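A.B. asks: Here the protein sequences line up with chains Z and E, keeping their order. As numbered in the working numbering, residues 1 to 289 make up the first sequence, in order. As numbered in the working numbering, residues 1001 to 1315 make up the second sequence, in order.
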Amino acid sequence: MTDTATVAPRARRRSTSMLRRRPFFTLGLAVALAFALAAIFAPYVAPYDPTFQDIEFMMTGPGAQHWLGTDSYGQDILSRIIFGARYALAIGLCSVAIGALGGLVIGLAAGLSDGLVEWLLMRLIDSILAMPSLIMAVAFIAILGQGVDKVIIAVGIAMIGPFARTVRADVMQVRVQLFVEAAGLMGVARLRIIWRHILPNVVYPLAVQVTIRISEAILVSSSLSFLGIGVTPPTPDWGLMIAEGRGFVSFAAWMSGMPGAALAILLIALSLVGDGIREEFDPKLRDGA
Amino acid sequence: MLLMALKKVLQTVFVLFIVSVASFSLLKLAPGDPVEIMLGSEYSAEAHAALVRQLGLDQPLVTQYLDWLGNFVTGDWGTSYIARADIFTYAFVEALPVTLTLAAFSLGLAVVLGVPLGVLSAVKKDTAWDAGAAVFALTGTAFPSFFLGILLIWVFGVKFGLFPVMGFVPPWEDFWGGLYHMILPALTLSTYFIAMIVRLTRATLVEVLAQPYIAAARARGEPGWRVVWVHGLRNIAMPLVTIIGLQLGTLLQGAVLTETVFSLPGAGQMITSAVLGREYGVVQAGVVMTATLFVLVNLAVDLAYPFLDPRLRPR
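(1) Just verifying my parser: in three-state terms, what is the DSSP assignment at Thr1089 (chain E)?
(2) State the Cα-Cα distance for the pair Ala110 (chain Z) and Leu1016 (chain E), rounded to the nearest angstrom.
(3) Mind listing the chain Z neighbours of Val1015 (chain E)? Cutoff is C-beta to C-beta under 7 Å, in chain order.
(4) Could you have a look at Asp76 (chain Z) and say whether DSSP puts it in helix, strand or coil?
(5) Mapping the DSSP letters down to three states, classify Met1 (chain Z) as helix, strand or coil.
(6) Have a look at Z:Ser113, Z:Ile157, Z:Leu224 and Z:Met131 and flag the residue whose alpha-carbon is nearest the alpha-carbon of Ala169 (chain Z).
(7) Distance cutoff 8 Å, beta carbons only. Does Ala142 (chain Z) sit that close to anything in chain E?
(8) With a 10 Å radius around its C-beta and 16 neighbouring C-beta atoms as the bar for buried, classify Ala137 (chain Z) as buried or exposed.
(9) Listed from N- to C-terminal order along the chain, which residues in the segment 200-214 of chain Z have their beta-carbon within a distance smaller than 7 Å of any beta-carbon of chain E?
(10) Can you give, in chain order, each stretch of the beta strand (DSSP E) that sits fully within the segment 1149-1177 of chain E and has at least 3 residues?
(11) Assuming Met1196 (chain E) and Thr1101 (chain E) form a contact by the criterion Cβ under 8 Å, report the distance between their Cβ atoms to the nearest whole angstrom.
(12) Using the beta-carbon of each residue, which ones in chain E are nearer than 7 Å to Arg246 (chain Z)?
(13) If we define contact as Cβ-Cβ less than 8 Å, is Ile135 (chain Z) a contact residue for chain E?
(14) Can you tell me whether Thr1063 (chain E) is helix, strand or coil according to DSSP?
(15) Quick check: is the beta carbon of Tyr1305 (chain E) nearer than 8 Å to any beta carbon in chain Z?
(16) For chain E, check one thing: does any of its Cβ atoms lie closer than 8 Å to the Cβ of Gly288 (chain Z)?
(17) Count the other C-beta atoms from every protein chain shown that fall within 10 angstroms of the C-beta of Ser1263 (chain E), then say buried if there are 16 or more, exposed otherwise.
(18) Determine the contact status of Trp238 (chain Z) and Ala253 (chain Z), defining contact as a CB-CB distance below 8 Å.
(19) With 8 Å as the limit, tell me which residues of the segment 1151-1182 of chain E have their beta carbon closer than that to any beta carbon of chain Z; keep them in chain order.
(20) Name, going along the chain, the residues of the segment 1236-1262 of chain E whose beta-carbon falls closer than 7 Å to a beta-carbon of chain Z.
(21) Using a Cβ cut-off of 8 Å, pull out every chain E residue sitting near Gly260 (chain Z), in sequence order please.
(22) Looking only at DSSP bridge pairs, what is Thr70 (chain Z) linked to?
(23) Let me know if Thr6 (chain Z) comes out buried or exposed under the rule of 16 or more other beta-carbons within 10 Å of its beta-carbon.
(24) Which whole-angstrom value is the C-beta distance of Ser221 (chain Z) and Gly92 (chain Z), which I expect to be below 8 Å?
(25) Quick one: is Pro132 (chain Z) buried, meaning 16 or more other Cβ sit within 10 Å of its Cβ, or exposed?
(26) Spatial neighbours of Ala32 (chain Z) within its chain, please: CB distance less than 8 Å, with the 5 preceding and 5 following residues excluded, ordered by chain position.
(27) Since Gly1277 (chain E) and Gly1078 (chain E) are thought to touch, with beta carbons under 8 Å apart, how far apart are those beta carbons, to the nearest angstrom?
(28) Who are the Cβ neighbours of Ala1237 (chain E) in its own chain at under 6 Å, not counting the five residues just before and after it?
(29) Give a yes or no on whether the minimum CB-CB distance between Ile277 (chain Z) and chain E is below 8 Å.
(30) By alpha-carbon positions, which one of Z:Asn201, Z:Ala139, Z:Leu240 and Z:Leu108 ends up nearest to Arg165 (chain Z)?
(31) Please identify the residue among Z:Val249, Z:Gly145, Z:Phe281 and Z:Asp49 whose C-alpha is closest to the C-alpha of Met59 (chain Z).
(32) Relative to chain Z, which residues along the segment 1063-1076 of chain E have a C-beta separation below 7 Å, given in chain order?
(33) So Ala1133 (chain E) and Leu1117 (chain E) are in contact, right, with Cβ under 8 Å, and what is the actual spacing, rounded?
(34) Note down, in chain order, each residue of its chain lying with its Cβ closer than 7 Å to the Cβ of Gly184 (chain Z), except the 5 sequence neighbours on either side.
(35) List the whole-angstrom C-beta distance separating Ala1137 (chain E) from Arg1199 (chain E), where the pair is believed to meet the contact cut-off of C-beta under 8 Å.
(36) Express the C-alpha separation of Leu1209 (chain E) and Ala1267 (chain E) in angstroms, rounding to a whole number.
Printed below as a string of structure tokens:
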């Protein structure tokens, strides 16, 4: 018997695969994978260099030459969207990783401690949660400055709060389980108990959280570049492209319309994936409703 | 119950303390020497030392923090060099009301549209209506608000010319003009919340309508609308207030983006331009204002529970 089976929600197996049972999840996953593939193979997929300026085709609408049109510098929007997917996904994944790691450390500490230390750590988490993630990311950008790496750090730190809260809740549940108590009575070292018995039961729900929150990280980072304080031009970033097209919306609506649609489609796809994963693996949702 | 409330208040005070320390360190961590920025490129060592002493920067950090906190609480937030204004006036008197107006209109719109839509899809469960509302709820929660704003500008402002796409008219001076200018921004900001409230209302009401007392009400011959809107909907108040409190942060950060899209002179625009202009005092003011607002609203929500739910009242 493995002790993970008592808490980790992977005990029950169903006959049909998740892909068949959840068509919306499958659709979302397919779209998200398509974005990921386009991002990975961007140089082979994109018809133009994302920063190549075609002087003859400045700000032309969608057509045969440039499928999704060009922007005010004559850059091909389709190519910029494809290369932009790289930045969106890379920033999203990296910042969620930072947030999850930070949340894991703080959440573990808060869940395992008692008394004053726990109270202090909880208030710390409360205060991180008191700042909306975008506002907090903006504050960190103010200190760090602009750029891809800084956006990742700022968004990552801003996401620690919610991760820490869920990790703490999970730790609180696991630490009172019999197998943890038994291990303690058997004289297993405290650090080993944490590593062998508590961590595995916390990491699994955390992974579910990570997949759900990738879309939030992408949204916050593109919001930063839309505000003009995230990634700097001429990086092909969707938020930047939407912001650039904002001034031309009355006669060149495709300039922000196309990258905006790409962002919206990716976010909706990711939220379909997230909903599917949550409904499938969240024990609270699965048993009750 | 009074003890619970007192405990909550104490927690809130401590959270506010951490927020204030964090905001204070924002200024300390900010790149650049504030003294050099104030003096310009050429200055003497004596002038530098004099200003350091004048600003109290030679004091220990704890003293500096207490000084700062004292000034902050009494409304002395420093001076903004770009806006050439007192930060307190700029942030609290001018910018914050704009943001609060936007937030209030959006919240009102979200409740007014979201609850009936949610009720409709709960009552007409598993019909095309319900499916349509589900699709809307999913798209609405995932859609990037700033792009939605641009789409609304394009459709309602440019194509049809129905609504103004920028500018702020204070509704306390001209209510209808303010409302008119607020329609597109409020719609942009509230879409996420409408979708959220639709989901919540539907989920709660579907559960409630299966309860025995609903069946009893129906058996008594009460009309269908009364069963749903009086007996059923009373149960929505609690989760609704909870979600509004929890999502206030999302509302405020959405306001930052919406203000940029529609060029509204609110706190969001203030923070963004302050980051670009490296005015850390203004950024700090914005962060403290948003965080304090959020913390206080959540305290209010916590304290309001016993009034909303009789089960939580002590007997």
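The C-beta atom is built at its ideal place from N, Cα and C for all residues, glycine as well. As the structure is a prediction and not an experimental result, all values here were calculated from the model.
C.D. replies: Here's the rundown:
(1) Here Thr1089 (chain E) sits in helix by DSSP.
(2) Between Ala110 (chain Z) and Leu1016 (chain E), the alpha-carbon positions lie close to 19 Å from each other.
(3) Near Val1015 (chain E) (Cβ distances below 7 Å), the residues of chain Z are Arg123, Asp126, Ser127 and Ala130.
(4) Asp76 (chain Z): strand per DSSP, three-state reduction.
(5) Residue placement at Met1 (chain Z) cannot be trusted, given a pLDDT of 41 that sits under 50; the coordinates are not used to answer.
(6) That would be Z:Ser113, whose Cα lies nearest to the Cα of Ala169 (chain Z).
(7) At least one CB atom of chain E sits nearer than 8 Å to the CB of Ala142 (chain Z).
(8) Looking at its Cβ environment, which holds 16 or more other Cβ atoms inside 10 Å, Ala137 (chain Z) is buried.
(9) Here the close residues number zero.
(10) Fully enclosed beta strand (DSSP E) runs of 3 or longer: not present.
(11) Taking 8 Å as the upper bound for CB-CB distance, Met1196 (chain E) and Thr1101 (chain E) are not in contact here, some 21 Å apart.
(12) Here the neighbours are Ile1150.
(13) It does: the Cβ of Ile135 (chain Z) has a partner Cβ on chain E nearer than 8 Å.
(14) Judged by DSSP in its simplified three-state form, Thr1063 (chain E) adopts helix.
(15) Interface criterion not met: the Cβ of Tyr1305 (chain E) is under 8 Å from no Cβ in chain Z.
(16) The pLDDT assigned to Gly288 (chain Z) is 38, lower than 50, so where the model puts this residue is not dependable; a value taken from the coordinates is nonetheless given after this. No Cβ of chain E is located within less than 8 Å of the beta carbon of Gly288 (chain Z).
(17) Ser1263 (chain E) should be labelled exposed.
(18) Using a Cβ distance threshold of 8 Å, Trp238 (chain Z) and Ala253 (chain Z) do not count as a contacting pair.
(19) For the segment 1151-1182 of chain E, the set of positions with a beta-carbon nearer than 8 Å to some beta-carbon of chain Z reads Leu1151, Ile1153, Trp1154 and Val1158 in chain order.
(20) Contacts with chain Z (Cβ-Cβ distance below 7 Å) from the segment 1236-1262 of chain E involve Gly1249, Thr1250, Leu1252, Gln1253, Val1256, Leu1257 and Thr1260, listed in chain order.
(21) The contacting residues are Pro1144, Phe1147, Ile1150 and Leu1151.
(22) In the DSSP assignment, Thr70 (chain Z) forms a beta bridge with Z:Asp76.
(23) Note that Thr6 (chain Z) scores a pLDDT of 47, beneath 50, so its modelled location is shaky and nothing firm can be said.
(24) That belief holds up - the Cβ atoms of Ser221 (chain Z) and Gly92 (chain Z) are roughly 7 Å apart, short of 8 Å.
(25) Per the 10 Å Cβ criterion, buried.
(26) Leu266, Ala269, Leu270 and Val273, listed in sequence order.
(27) Contact flag wrong, Cβ pair sits at about 14 Å.
(28) Contacts found: Leu1308.
(29) No, because no Cβ of chain E sits closer than 8 Å to the Cβ of Ile277 (chain Z).
(30) Considering only alpha carbons, the answer is Z:Leu108.
(31) Comparing Cα-Cα distances from Met59 (chain Z) to each of Z:Val249, Z:Gly145, Z:Phe281 and Z:Asp49, the minimum goes to Z:Val249.
(32) Residues: none.
(33) Contact between Ala1133 (chain E) and Leu1117 (chain E) holds, since their C-beta atoms are separated by about 6 Å, short of 8 Å.
(34) Around Gly184 (chain Z): Ile193.
(35) Confirmed, about 5 Å.
(36) When only Cα atoms are considered, Ala1267 (chain E) and Leu1209 (chain E) end up about 42 Å apart.
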